[in-house]
Structures are given as structure tokens and as C-alpha cells.
Amino acid sequence: MNKTVKFVLYFFASLFIIYLILLIPFETSPELNIPVHKKFEWNQDSYFKLLESEFKKNRNLDCSKEDTIIKQKLDYLNNLLDSSYKSEKNILHPFYDTLLLGYFNVSTFIPVCDRHLSDYLQLGMKLRNVVKDKSVYLDIKNPEIRNRIYKLLYGIRAANEEVLLQLPEEKSPKFIRVNPDESVIPSVKIMDNIIRSGDILISRGGAPVSALISRGNDYPGNFSHCAILYVDEKTHQPYIIESHIERGVTISSIDEYLKDKKLRIMVLRLRSDLDEIKNNPMLPHLAAKNIFETASQKHIPYDFSLNFNNPEKMFCSEVIYIAYKSQNIQLWDAMTYISDPGTIDWLSSFGVTNFYTHEPADLEYDPRVNVISEWRDRNELLKDHIHNAVTDALLDEANKGRKLDYSFYMLPIARVIKLYSMILNLFGKEGTIPEGLSPESALKSETYKKYHSEISESVTGEVEKFISQNNYTPPYWELYNISKNKTEEYFLNK
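Letter 118 of the sequence shown, counting from 1, is numbered 423 in the working numbering, and no numbers are missing.
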């Protein structure tokens, strides 16, 4: 046997031995911080089906004849709301159930008689403001109060979106603007909205993991990412500070921020009537400036564990939390709870160890922030709802015991890619596998993306059939049933 043949044999034998060594599992089981909590459940399936039936019946109405009735319904709810400002009724009072159910009921008329859409959406904003104003004086850590605030605020948005999805794109407004007020804080115009330094932008990404972040929660939400705006008081140059899974904490331009796929964006701002803001109107700007300077001085990796008390690594919500904590404002009174065993199992596969934490969707319910504006595109909104429904169906599978697995023979390849990614990270570059994410977690993440993408494609096809056959967009409960059936079918055929 000549030297060349020997060399080739030894080379491939060495590669094979290295491959076998890299197959050895190194994963440990980290300690998990799991809350004792009960997931919110609507338990109103029959009522939602009744609303759908009412909507189908109302499609045959003559709007010119029903105009007065619809206006009376809206006026009645507006009068009730006006009385609530003077009332000392606690938010737990059945009065607020009456308001929400009335809002749900009138929503079945609006897609048919859309001339009332603007008044209907204004009513929703007014109801949201009442709930937010009342919540300032309540202990949102009380589960009963937290459930009620979630039910009211989430219910308002859900009703609005069911209406918007029944309308053609040209009649569905992209922006909803709320609560304008005067301020000395530096500001900038973004998408025709005046946004101020210190404002918080929460959004929903288009990736499967974004849906998991927003839905994998005891209070399933609609948002998966948050960022903070900083406007330099001298140059008026705007910057977005945020933390990405792939890059850690970054400082971006407005264009760079908007370039990332977003299905919806909502702007939150600290209430102007807070004592801290009255004493120092520039406080939000100072919070943004503090985190801007911190992010400018050093690289801060992404925190996959979701530990909001470790400033050496930061996940997206932690950027906001740390910014305002520097000014003695602790946001997220409405903490994130994740208690479903299956959800915990899947999220821990990606390195999450803290399930009592801060997630973007829950900041909306914090009594100290108000909604300033909200953007959502009608077509992206349907995609958002489909992604949510598929995620909910997948988490049902997780809670039945389904694991996120990966092909074991891919582990050595993933470990080599991880090594290469770590070298790139040393030179300040982005690797294929993000900093802080193990090769095993990266493979499980790919498995989840595959599940979600393939099922979403199948569900989208069924939704198109539903629209063609029924001439209306399936409401969320129908989307969930379609997703549940397609998910069960998907795993049955695997």
C-alpha cells in the first residue's frame, strides 16, 4: 500500500472518529424557574360560534334600514362608557362584562355596514382607555384583576381584528392613532406618526419563532419583539435600540428597523400623569439615552435564558426594562407566566430557563403605559392570525407530550458550524448559529420552524378554500379548528 493511499485512509478514518466523538450528547438539564400559575382560558366557544352565526345572518341586512339600529347600539355603549368615568365601579364589576359583550355584539354588524367602522373603532379606543385608566389604581399582580384586564384589552383587539379581516384591504385602516399629547421630549416622524425618544415599539415578527414567543404564554399575546427609540437632542438623529437573537443588542436606524419583517407594530408611552413624569418630563428620553450609551460601549449578547436580572446579556424586553430601571421605573407589573408543561419543554429546548419573566406582549397590560398608535396591514393580519392558530395547535401537541427532536446524524455538522460561528463572533460578525445557542438547540429550532412552516402552508390552503366557499374570512376559532385538524393530520402522516 503506497503512502498516498495510507494517508487518504488515515484521513478518512480520523474524520470518522471525530464524527463519532461529535455524536456524543453533551446537553445538561439546567435548573428551570417555573411559576405556579394557571393559564387564562376563555371557555366561551359556544358564544363565539353564536357571534359567527349572527354575523352570517347580518350579511343579508339592508344597511339603509338598519342604520338607526346600529347607531343606537353604538350610542348606548358610548353612554355606558361615559358613565363609567364617573362611576366608582371596580373593573371586576359585571358592568364591564356588559360593555365587552356589547362591543362583541355590535362587531357582527360593522363588516356589513362599514360606514360605521370609524365610530366602532373609536368606541374600542375609548373602552381601552377606560380600562387602562381604571387599572392604574389596581393591583395587577392580583390574578383576578390581571385576568379581567387581559380579557377586556385582548377582547377589544380581537373584535377589531375580526371586523377588519372581513373588509377589503382598501377599507381596512392600517393605522389606529390614540392619545396625542404635548411634550418637550425630542421626537421624529415614523410612518406618519410622531414618535418620541423613550417610546417603546412592540412588534410581531414574521418568523415561526416569533409566533411561539407571542403565544407561548399563560396570557397568549400578539407581539414577539420590543425596542426603544432614542432621539439625539442635538442632532435629532433617531436610533432604535433592540436585542436580536442573531446579534444581541444593536443600535439601528429607522430604515433598518422597518426592514425586518413585521406583521404589526404598536407604540407604547409612559402615561403623562405619572408622578415621575410630572416631576421630570424628560425621564423617558433619559431612559433611552442611558441604554443607547450602554449599547454603544460594549457588545451585549442575546440572553436565551430570559433572565431579566442579568444585564451582561439581554433579551429584547430586558433592553426596555433596564433602560427604565435606570430612571427608577420598573415596568412589567404584568409579569409573564409560562406554566404549561409542553410549552416549557419546547422553550427550554431553545435555552429558556426562566418562565416567570418579561415578554413583549405583556407590556401592553402594564398600568403605567398607554397605547399611542398601532399599525397592522390587512393581508399581514391574516397571516398573523394563521401563524397564531398553528402555534396554538402545535403547543397542544407539546402539552400532549410531543418532543422537539432532531436527526442525531446532523449533530456533528451542527457542532462544526457552531465552532465556525464562535470564531466569527470573536471578530464581531454574525454566525449561522447565534451566540449563546447550543448546536442541539439550533437543530431543535430548525425542527420547530419546519413543523410550523409546513403546517402553516397547509392551513393557508384550507383558509383559501373556506373563503371561496363561504365568502368571508374564517374567524380565529375557525382558524384554530382548521389548524388543529391539519396539525393532527401532519403528525399522523409522519
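Where is the CB? At the ideal position from N, CA and C, for every residue including glycine.
Exercise. Have a look at R683 and P473 and give me their C-alpha separation to the nearest angstrom.
Key: R683 and P473 have their C-alpha atoms roughly 8 Å apart.
Quiz item: Going along the chain, which unbroken runs of the alpha helix (DSSP H) with 4 or more residues stay wholly within the region 556 to 635?
Solution: Entirely contained in the region 556 to 635, the alpha helix (DSSP H) runs reaching 4 residues are, in chain order, 559 to 564, 580 to 584, 588 to 602, 621 to 630.
Quiz item: Buried or exposed: I733, going by 16 or more other Cβ atoms within 10 Å of its Cβ?
Solution: Per the sequence shown, residue 733 should be read as Gly rather than Ile. With fewer than 16 other Cβ atoms within 10 Å, it is exposed.
Quiz item: Would you call L575 buried or exposed, if buried means 16 or more other Cβ atoms sit within 10 Å of its Cβ?
Solution: Under this definition L575 is a buried residue.
Self-check item: Pair within 7 Å by beta-carbon distance, L611 and V674
Solution: Taking the C-beta atoms as reference points, V674 is found no nearer than 7 Å to L611.
Self-check item: Secondary structure of S519, DSSP reduced to three states
Solution: Taken through DSSP and simplified to helix, strand or coil, S519 comes out as helix.
Quiz prompt | 8 Å contact criterion, which I375 and C418 should meet: CB distance rounded | solution = 6 Å between Cβ atoms; contact.
Quiz item: In chain order, what residues of the same chain lie with their CB nearer than 8 Å to the CB of Y725, ignoring the 5 residues before and after it?
Solution: Here the set comprises G736, T737.
Quiz prompt | R451, buried or exposed, once every other Cβ within 10 Å from all chains shown has been counted against 16 | solution = With 16 or more other Cβ atoms within 10 Å, it is buried.
Quiz prompt | DSSP-derived helix/strand/coil call for K770 | solution = Under the three-state reduction of DSSP, K770 is assigned to helix.
Practice problem: Using 10 angstroms around the beta-carbon of M496, count the other beta-carbons present and answer buried if the total reaches 16, otherwise exposed. | Solution: Its Cβ having fewer than 16 others within 10 Å, M496 is exposed.
Self-check item: Spatial neighbours of F620 in its chain, beta-carbon cut-off 7 Å, leaving aside the 5 residues before and after
Solution: So the qualifying residues of the chain are S548, Y607, D608, L611.
Self-check item: Supposed contact pair T413 and N363 - C-beta distance, whole angstroms, cut 8 Å
Solution: That belief holds up - the Cβ atoms of N363 and T413 are roughly 5 Å apart, short of 8 Å.
Exercise. Give the secondary structure of S654 by DSSP, where H, G and I count as helix, E and B as strand, and everything else as coil.
Key: In the structure shown, S654 sits in coil (DSSP, three-state: anything other than H, G, I, E or B).
Quiz item: Taking just the CA atoms, how far does S502 sit from I760?
Solution: S502 has its alpha-carbon roughly 40 Å from the corresponding atom of I760.
Self-check item: Rounded straight-line distance, which links the Cα of I718 to that of W782
Solution: Taking the CA atoms as reference points, W782 sits about 41 Å from I718.
Quiz item: Which residue's Cα is closest to the Cα of W651: I518, Y626, Y352, S351?
Solution: Minimum Cα distance to W651 is reached at I518.
Quiz item: Per the contact definition of three or more C-beta pairs closer than 8 Å, is the region 636 to 643 in contact with the region 687 to 698?
Solution: No: the two stretches stay apart, fewer than three of their Cβ pairs being nearer than 8 Å.
Exercise. Label I490 either buried or exposed according to how many other C-beta atoms from any shown protein chain fall within 10 Å of its C-beta, with 16 as the threshold for buried.
Key: I490 counts as buried, since at least 16 other C-beta atoms from the protein chains shown sit within 10 angstroms of its C-beta.
Practice problem: Take D667 and list the residues in its own chain whose beta-carbon comes closer than 8 Å to its own, dropping the five residues that flank it on each side. | Solution: N522, Y524, G526, W637, A639, M640, T641, listed in sequence order.
Self-check item: I415 versus S389: straight-line alpha-carbon distance, rounded
Solution: Approximately 24 Å, taken between the alpha carbons.
Exercise. Look at the Cβ atom of T752, then the Cβ atom of Y711, and state whether they are nearer than 7 Å.
Key: Result yes, Cβ atoms of T752 and Y711 sit closer than 7 Å.
Quiz prompt | Range of the contiguous beta strand (DSSP E) that encloses S358 | solution = S358 -> not in any beta strand (DSSP E); alpha helix (DSSP H) instead, spanning 350 to 363.
Practice problem: Please state if the CB of V493 and the CB of V536 are separated by a distance shorter than 7 Å. | Solution: Yes, the pair counts as a contact, with Cβ atoms nearer than the cut-off.
Quiz prompt | Classification of T403 by the beta-carbon crowding that lies within 10 angstroms, buried from 16 upward | solution = Classification for T403: exposed.
Quiz item: Can you tell me whether DSSP reads F796 as helix, strand or coil?
Solution: Note: F796 maps to helix in three-state DSSP.
Quiz item: Under the DSSP definition of a beta bridge, which residues are partnered with K494?
Solution: DSSP output for K494 lists I499 as bridge partner(s).
Quiz item: From K770 to Q542, what does the alpha carbon distance come to, in whole angstroms?
Solution: Going from the Cα of K770 to the Cα of Q542 covers about 48 Å.
Quiz item: Taking the DSSP output, what are the residues bridged to G510?
Solution: Paired residue(s): K567.
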